[in-house]
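Protein chains in written order, with full-length UniProt numbering: chain A, 1 to 253; chain B, 1 to 253; chain C, 1 to 253; chain D, 1 to 253. Just so it is clear, CB atoms sit at the ideal spot from N, CA and C, and this is done for glycine as well. Comments concern the structure below.
There are 4 protein chains.
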Amino acid sequence: MIQMTLIQIDNYGPWTVTPNPCNESDLQILQAELFADVQRQIAMKKGLVFYTRFDNMLAVTNGLNEEDHMRIQRSIRNRYPITISMGVGTAKTPYEAQKIATEVLQNKGGAQAAERKEILAIDSLVKPEDSFVQMAHIDINGVTDSLTDIIPAFDTNFLVNKAQHYLMTKLIEKGALLFFIGGDNFMSPCNELGTEELMKILEEIDDEIDIALKAGVGRSDNAEDAAYMGDLGLEEIREGNNEELVYVLEKKN
Amino acid sequence: MIQMTLIQIDNYGPWTVTPNPCNESDLQILQAELFADVQRQIAMKKGLVFYTRFDNMLAVTNGLNEEDHMRIQRSIRNRYPITISMGVGTAKTPYEAQKIATEVLQNKGGAQAAERKEILAIDSLVKPEDSFVQMAHIDINGVTDSLTDIIPAFDTNFLVNKAQHYLMTKLIEKGALLFFIGGDNFMSPCNELGTEELMKILEEIDDEIDIALKAGVGRSDNAEDAAYMGDLGLEEIREGNNEELVYVLEKKN
Amino acid sequence: MIQMTLIQIDNYGPWTVTPNPCNESDLQILQAELFADVQRQIAMKKGLVFYTRFDNMLAVTNGLNEEDHMRIQRSIRNRYPITISMGVGTAKTPYEAQKIATEVLQNKGGAQAAERKEILAIDSLVKPEDSFVQMAHIDINGVTDSLTDIIPAFDTNFLVNKAQHYLMTKLIEKGALLFFIGGDNFMSPCNELGTEELMKILEEIDDEIDIALKAGVGRSDNAEDAAYMGDLGLEEIREGNNEELVYVLEKKN
Amino acid sequence: MIQMTLIQIDNYGPWTVTPNPCNESDLQILQAELFADVQRQIAMKKGLVFYTRFDNMLAVTNGLNEEDHMRIQRSIRNRYPITISMGVGTAKTPYEAQKIATEVLQNKGGAQAAERKEILAIDSLVKPEDSFVQMAHIDINGVTDSLTDIIPAFDTNFLVNKAQHYLMTKLIEKGALLFFIGGDNFMSPCNELGTEELMKILEEIDDEIDIALKAGVGRSDNAEDAAYMGDLGLEEIREGNNEELVYVLEKKN
Numbered sequence: 001m002i003q004m005t006l007i008q009i010d011n012y013g014p015w016t017v018t019p020n021p022c023n024e025s026d027l028q029i030l031q032a033e034l035f036a037d038v039q040r041q042i043a044m045k046k047g048l049v050f051y052t053r054f055d056n057m058l059a060v061t062n063g064l065n066e067e068d069h070m071r072i073q074r075s076i077r078n079r080y081p082i083t084i085s086m087g088v089g090t091a092k093t094p095y096e097a098q099k100i101a102t103e104v105l106q107n108k109g110g111a112q113a114a115e116r117k118e119i120l121a122i123d124s125l126v127k128p129e130d131s132f133v134q135m136a137h138i139d140i141n142g143v144t145d146s147l148t149d150i151i152p153a154f155d156t157n158f159l160v161n162k163a164q165h166y167l168m169t170k171l172i173e174k175g176a177l178l179f180f181i182g183g184d185n186f187m188s189p190c191n192e193l194g195t196e197e198l199m200k201i202l203e204e205i206d207d208e209i210d211i212a213l214k215a216g217v218g219r220s221d222n223a224e225d226a227a228y229m230g231d232l233g234l235e236e237i238r239e240g241n242n243e244e245l246v247y248v249l250e251k252k253n
Numbered sequence: 001m002i003q004m005t006l007i008q009i010d011n012y013g014p015w016t017v018t019p020n021p022c023n024e025s026d027l028q029i030l031q032a033e034l035f036a037d038v039q040r041q042i043a044m045k046k047g048l049v050f051y052t053r054f055d056n057m058l059a060v061t062n063g064l065n066e067e068d069h070m071r072i073q074r075s076i077r078n079r080y081p082i083t084i085s086m087g088v089g090t091a092k093t094p095y096e097a098q099k100i101a102t103e104v105l106q107n108k109g110g111a112q113a114a115e116r117k118e119i120l121a122i123d124s125l126v127k128p129e130d131s132f133v134q135m136a137h138i139d140i141n142g143v144t145d146s147l148t149d150i151i152p153a154f155d156t157n158f159l160v161n162k163a164q165h166y167l168m169t170k171l172i173e174k175g176a177l178l179f180f181i182g183g184d185n186f187m188s189p190c191n192e193l194g195t196e197e198l199m200k201i202l203e204e205i206d207d208e209i210d211i212a213l214k215a216g217v218g219r220s221d222n223a224e225d226a227a228y229m230g231d232l233g234l235e236e237i238r239e240g241n242n243e244e245l246v247y248v249l250e251k252k253n
Numbered sequence: 001m002i003q004m005t006l007i008q009i010d011n012y013g014p015w016t017v018t019p020n021p022c023n024e025s026d027l028q029i030l031q032a033e034l035f036a037d038v039q040r041q042i043a044m045k046k047g048l049v050f051y052t053r054f055d056n057m058l059a060v061t062n063g064l065n066e067e068d069h070m071r072i073q074r075s076i077r078n079r080y081p082i083t084i085s086m087g088v089g090t091a092k093t094p095y096e097a098q099k100i101a102t103e104v105l106q107n108k109g110g111a112q113a114a115e116r117k118e119i120l121a122i123d124s125l126v127k128p129e130d131s132f133v134q135m136a137h138i139d140i141n142g143v144t145d146s147l148t149d150i151i152p153a154f155d156t157n158f159l160v161n162k163a164q165h166y167l168m169t170k171l172i173e174k175g176a177l178l179f180f181i182g183g184d185n186f187m188s189p190c191n192e193l194g195t196e197e198l199m200k201i202l203e204e205i206d207d208e209i210d211i212a213l214k215a216g217v218g219r220s221d222n223a224e225d226a227a228y229m230g231d232l233g234l235e236e237i238r239e240g241n242n243e244e245l246v247y248v249l250e251k252k253n
Numbered sequence: 001m002i003q004m005t006l007i008q009i010d011n012y013g014p015w016t017v018t019p020n021p022c023n024e025s026d027l028q029i030l031q032a033e034l035f036a037d038v039q040r041q042i043a044m045k046k047g048l049v050f051y052t053r054f055d056n057m058l059a060v061t062n063g064l065n066e067e068d069h070m071r072i073q074r075s076i077r078n079r080y081p082i083t084i085s086m087g088v089g090t091a092k093t094p095y096e097a098q099k100i101a102t103e104v105l106q107n108k109g110g111a112q113a114a115e116r117k118e119i120l121a122i123d124s125l126v127k128p129e130d131s132f133v134q135m136a137h138i139d140i141n142g143v144t145d146s147l148t149d150i151i152p153a154f155d156t157n158f159l160v161n162k163a164q165h166y167l168m169t170k171l172i173e174k175g176a177l178l179f180f181i182g183g184d185n186f187m188s189p190c191n192e193l194g195t196e197e198l199m200k201i202l203e204e205i206d207d208e209i210d211i212a213l214k215a216g217v218g219r220s221d222n223a224e225d226a227a228y229m230g231d232l233g234l235e236e237i238r239e240g241n242n243e244e245l246v247y248v249l250e251k252k253n
């Protein structure tokens, strides 16, 4: 079972334009620092946050309990001009878990409902014995040689975004999520996704848009170790001159 | 003329996996804080940075000279485990400007060339009298009511990403760029893009993927004021119950 | 028993002037962010850090084990241009604990020994059943009315520093430490210090330098809760119009 | 003439305990990040901030105009739960300048007056042609060999604080200020202080409390360059095996 938390800034949209629009640079700094801050706190318990839309962040939080979540909310309230609400859900697949996390929070009121503030809505928490996270770290083969050092920066950005869009489209059908994590890297929480299914997806994308991808898949009882196993899997593929599409590593506890 | 700067972390990919892969959470925090840091420094001179791929960031830097760029490089070197190289270009369109900024930096060596470190490659700087920036702040109509409060968080994220992909595809043909700035918001540096052309693009996207967008367009001699005029333009449209697709405001100096 | 950790930047002095002196502003930012960063991580386990000399920070770390310390070291290495070494000691008094923490680290090499890097030297860790922290939160009576709003800012700063110097001098004799925590506030880890002894110290300072102080004393099995109980103690004294010098609160577990 | 700015958090004390006391760790992080943030912004214009009491910070701001100050206030308001007020003064000596800066702000209301919020009170700004800053960078001879690597961390901290207290006491009589900047380092804005006077102060402290200090004195038309010249002066003394007590360097513009 995977546990996911939806982190939502309360009434953010209206706040950004009241009484007048904030400078865009201030909002960008606020959003980036909030993400870094929440990441640092969740990482202390081996969870992992994805910036998603910045005002709505999704996190894999196996190992974090109710107090851990409340502590983060209080810490943000004390240091930022905004507050955050959270919804927590668990399921066999990441897609289902974030769906439940969203619903349990939506039931407490809208994201822009003035009366909804710093809600912590927990549908369920994963029991240690049931805790399992599968993460695929996906990157583009030789992006530096083939793109970064040759074509304009925005064109590379465009191709990476295109790969993201195609990957999202295919993974969501399998109950898996996909997040861009910088450079040419994507992280996919993908419990229940089979190795064959993932290989097929990477092959299809190569055929359809001519972008060669590879994936290191990690498995553990928490997000941090699963992601790390995925990193090691990618290293294995690189050492094999990218002959393999997918390499799976599991952390034994 | 618009001035764009490509900010590239030197030899970042290899650094992240040497001697062993860094924890993903540490990399996410490093990237987000670097972006926030560079943003704060560039904003002091009324420029604006977009996180782009995090290891490669694009910035509109009208008003920043050579010393301003060097100062940022030094400040990052003194506080981070990595260094940054920069390329600067100017042109009539943002696409051309970033293309020149990329090429002038690529000519100094590859992003992963160990010998290339903290390069500042300036092709040209915009003269104050020629300085002009047009920014379109684009958002999705009623995203909170129609998406955030109703469907799962990742589905909203998926639709926003889809809108981004379609917008990028169409704007790049006009020499304009597009960056996601959080929530349901996009910022498009778009010198030379006509109001009719932009309206046509928004209408096409509504037809093709059924996502209703609107745009506030701002014009000024710097990125900050152009973005702010764009924000005010969006407010005008909202006050008019989203009957208009595009609203243009220019800041007189 | 109290557990204290000495956090020391490795070879910091020479680094700041090699090859040339860093801009003072960059060093000030680096030091403040490192402190905030370590604080956030240690606080997740209910410890508390004091900035002390910034390149040498002292922390009350009851509840943090070896892995917690290693995790912080790795996280700093991955995001800063410097590394940190740590020494950990436990004792009946804070003074003894930091003395042991210092010695166990000094035994591993000098702070500016090029070969000493990211050492974690643990003399001992407090067992949960023996864990006890006493914290005194001391402030100056009516500093805003009597100083901040009346005399020059630097004169107020001077008087606060004077109070700090006198408090340090007297508390160190009792095996207690004292740290300035901002405004007119001081925090004193003071296991083994009796209420009568503390009252006597505050009275002496009022007599000697005419600065009226009060103290909320908190007791718990961790630094965070002890400090919080101390805060509540101060509130009790304020509600009693500062008639009491010391108010003690203990958190029952 | 030196220009100094007093930066004061509005109504901070009451905020920290309403409705309940904030966790001390959150306050420490907030204060350190606010200082780092203001430092980064002021440094972009070659000013320098000292954390002073954290809720009251003093800065040397030659070169910063009214818009620069307003920009920083707005940027803090948009990203923190608190706001800041500022007072600006100029004079022949740093002490006089901060005195004027304090008075002009005090005249606008008390630091804890609920109605006083985000005030910018400017008594005067230094004209470019009159701009002059003298900074003394003072440190303790061989602190690592003689203290850090030998005695307990808190004892070193105590001695550094003692040196600070004696230095403050003597410098304030000469119209100079003194701030601890980390390690064994102090920075003293000291326009109008003669080299002989400074040498005499250092000699007196060596006699009175047996702490050997040295000082690099820098002069320029802004705080950043003056501090840097002071750093270079210290390097000169080190290269001469600390035979000199004071070394003065002036930056020619």
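The alpha-carbon separation between H137(D) and E250(D) amounts to approximately 13 angstroms. Looking at Y228(B), V248(B) and G63(B), the one whose alpha-carbon comes closest to that of N20(A) is Y228(B).
Of the residues K200(A), E224(A), E244(A) and I205(A), the one whose Cα lies closest to the Cα of G216(A) is E244(A). Across the set A121(A), V160(A) and M1(A), the C-alpha of A121(A) shows the shortest separation from the C-alpha of K108(A). Interface residue (Cβ-Cβ distance to chain B less than 8 angstroms): R219(A) is not classified as such.
The count of Cβ pairs closer than 8 angstroms, one atom from the stretch 132–149 of chain B and one from the stretch 167–174 of chain A, stays below three, leaving the stretches out of contact.
Excluding its 5 nearest sequence neighbours in each direction, A97(A) has C-beta neighbours in its own chain below 6 angstroms: I2, M4, G89, T90 and A91, listed in chain order. S131(D): not part of any alpha helix (DSSP H); DSSP gives it neither H nor E. Secondary structure within the UniProt domain "Pterin-binding" (133–253) of chain B: the beta strand (DSSP E) runs of 3 or more consecutive residues, fully enclosed, are 133–140, 179–182, 185–189, 213–220 and 246–250 (chain order). With fewer than 16 other CB atoms across the displayed protein chains lying within 10 angstroms of its CB, N241(B) is exposed. Going by C-alpha positions, V143(C) is about 30 angstroms away from L193(D). If only complete runs of 3 or more residues are kept, the stretch 62–106 of chain D shows the beta strand (DSSP E) at 84–91, in order along the chain.
In this structure, the beta-carbon distance from N23(D) to N78(A) falls below 8 angstroms.
Put simply, of L147(B), D207(B) and E67(B) the residue whose alpha carbon is nearest the alpha carbon of I42(B) is E67(B). Going by beta carbons, A111(C) and T148(D) fall inside the 8 angstroms limit. For A114(A), there is no enclosing alpha helix (DSSP H), as DSSP marks it with neither H nor E. Relative to F179(C), the option among L198(D), A59(D), T102(D) and F154(D) whose CA is nearest is F154(D). At a cut-off of 8 angstroms between C-beta atoms, I201(A) does not count as an interface residue with respect to chain D. Q3(D) is bridged by DSSP to T90(D). Each residue's CA atom was taken as its position, placing Q106(B) and D37(B) some 24 angstroms apart.
In the DSSP assignment, I122(D) forms a beta bridge with V88(D).
Non-local C-beta neighbours of L232(B) in its own chain, meaning closer than 8 angstroms and more than five positions away in sequence, comprise G216, G218 and L249, ordered along the chain. Not a single C-beta of chain C is nearer than 8 angstroms to the C-beta of I7(B). Only residues of its own chain outside the window of five on either side were considered, and among them G63, N222 and E224 have a CB closer than 6 angstroms to the CB of K46(B), listed in chain order. When I150(B), F186(B), S146(B) and I151(B) are compared, the shortest CA-CA separation from H165(B) is found for F186(B).
Between L177(B) and P94(B), the gap from beta carbon to beta carbon is short of 8 angstroms. With contacts defined as CB atoms closer than 8 angstroms, R71(B) and I29(A) fail to qualify as a contacting pair. Secondary structure at V17(A): coil, using DSSP grouped into helix, strand and coil. In chain order, G87, V88, G89, A121, I122 and D123 place their CB closer than 8 angstroms to the CB of V104(C), counting only its own chain and leaving out the 5 sequence neighbours on each side. Between Q31(C) and chain A, the shortest Cβ-Cβ separation is not below 8 angstroms.
The alpha-carbon separation between Y80(B) and P81(C) amounts to approximately 5 angstroms. For R40(C), the nearest CB of chain A lies under 8 angstroms from its own CB, placing it at the interface with that chain.
For a Cβ distance threshold of 7 angstroms, residue set S75, N78 and R79 of chain D lies close to D26(A), ordered along the chain. With at least 16 other beta carbons inside 10 angstroms of its own, A59(A) counts as buried.
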